[in-house]
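To start, the structure itself, in structure tokens.
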């Protein structure tokens, strides 16, 4: 049942009350496991995640003002695993396909092998429930008792990845027809009829100009592939216990699966270091061709993600 309003706790970062047991009571919940790690002998990984939580909390206090009440649609990206007590907010272009595979594998799909689940099945509507599907009381119960986590990525690298994947790959013809034709029609004078019909050859500068055009957000919300992570997951309104990063994907994923009581589940192999470095280089090449004026405007558009998740402005930007 959809809710009309979501009344969250007065203080988003107040300590959660831990339940007395988990499901049958045979094991501690992931949230209790994290609590035990924080109270026990320090480990480097647990300490790093504690520092990330603290950094996010301080950034929220410093950079956010009074905010509107969250609506059910704001919770659409927060997926629910009731069996393991997990809430996962997915951000496209940050390993979200593999995390959806993992959540399905935890539910018994593909005999527990995430890599065996096709991408289109992982993204199929209705395969995984979201917080938006529950009543206010049920939402708040899960927010109190479940381990909430998200994964983020350096904002401009994520943006470059979204552009390359959606606008330069032939297998995304439907996406290009929907968004590419709109971009070409608006931003390319005397465009070729084929480009107007297919939207298959959008240039990076045109894509960025589309994002910065005030008409874009007036007409409809940003598509999730380039929407800011904080606008998808609301980290200053919802408490996240683990802030995973694409740059440390393997370690952070293993940390979450360990808390969930599934350390033997193999998260699909993240990209090798050489491939990750190549992605950073591609992003740098794309943005170096953008004028300083547009670089500054775009940085301001994504600035909150940089601030909240403790990312520095890329060295290739000319912001001054």
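Residue numbers (the numbering used here): 1121 to 1440.
Note that the Cβ used here is the ideal one computed from N, Cα and C, for glycine as well.
Because the structure is a prediction, the values reported are computed rather than measured.
Express the C-alpha separation of residue j and residue i in angstroms, rounding to a whole number.
{"i": "residue 1308", "j": "residue 1326", "result": "8 angstroms"}
{"i": "residue 1375", "j": "residue 1311", "result": "50 angstroms"}
{"i": "residue 1359", "j": "residue 1268", "result": "7 angstroms"}
{"i": "residue 1228", "j": "residue 1201", "result": "12 angstroms"}
{"i": "residue 1141", "j": "residue 1153", "result": "Legend: pLDDT at residue 1141 = 40, less than 50; position of this residue unreliable, value from coordinates given subsequently. So the two alpha carbons sit approximately 12 angstroms from each other."}
{"i": "residue 1342", "j": "residue 1160", "result": "43 angstroms"}
{"i": "residue 1214", "j": "residue 1392", "result": "15 angstroms"}
{"i": "residue 1190", "j": "residue 1184", "result": "15 angstroms"}
{"i": "residue 1373", "j": "residue 1182", "result": "29 angstroms"}
{"i": "residue 1302", "j": "residue 1279", "result": "18 angstroms"}
Are the C-beta atoms of residue i and some chain D residue less than 8 angstroms apart?
{"i": "residue 1239", "result": "Checking the listed chains, one finds no chain D in this structure; it contains a single protein chain."}
Of the choices the options, whose alpha-carbon is the least far from that of residue i?
{"i": "residue 1421", "options": "1330, 1371 and 1389", "result": "1330"}
{"i": "residue 1173", "options": "1155, 1390 and 1280", "result": "1155"}
{"i": "residue 1207", "options": "1237, 1178, 1235 and 1249", "result": "1249"}
{"i": "residue 1219", "options": "1369, 1189 and 1439", "result": "1369"}
{"i": "residue 1300", "options": "1280, 1279, 1351 and 1323", "result": "1323"}
{"i": "residue 1429", "options": "1177, 1150, 1162 and 1163", "result": "1177"}
{"i": "residue 1396", "options": "1252, 1271, 1151 and 1277", "result": "1277"}
{"i": "residue 1166", "options": "1399, 1371 and 1317", "result": "1371"}
{"i": "residue 1175", "options": "1405, 1355, 1367 and 1394", "result": "1355"}
Have a look at the DSSP bridge pairing and note the partners of residue i.
{"i": "residue 1365", "result": "1272"}
{"i": "residue 1250", "result": "1199"}
{"i": "residue 1206", "result": "1201 and 1267"}
Residues in its own chain within less than 7 angstroms of residue i by CB, not counting five upstream and five downstream?
{"i": "residue 1377", "result": "1383, 1385 and 1387"}
{"i": "residue 1419", "result": "1433, 1437 and 1439"}
{"i": "residue 1348", "result": "1422, 1424 and 1425"}
{"i": "residue 1297", "result": "1318 and 1319"}
So, at 6 angstroms on beta carbons, what are the nonlocal neighbours of residue i in its own chain, with the 5 sequence-adjacent residues on each side left out?
{"i": "residue 1431", "result": "1274"}
{"i": "residue 1157", "result": "1166"}
Leaving out the 5 sequence neighbours to the left and right, which residues in its chain are closer than 8 angstroms to residue i when beta-carbon positions are compared?
{"i": "residue 1292", "result": "1285 and 1286"}
{"i": "residue 1414", "result": "1325, 1328, 1329 and 1332"}
Quiz prompt | Continuous alpha helix (DSSP H) assignments of at least 4 residues falling wholly in the region 1325 to 1350 | solution = Counting only unbroken stretches of 4 or more residues, the alpha helix (DSSP H) elements lying wholly within the region 1325 to 1350 are 1334 to 1339, in sequence order.
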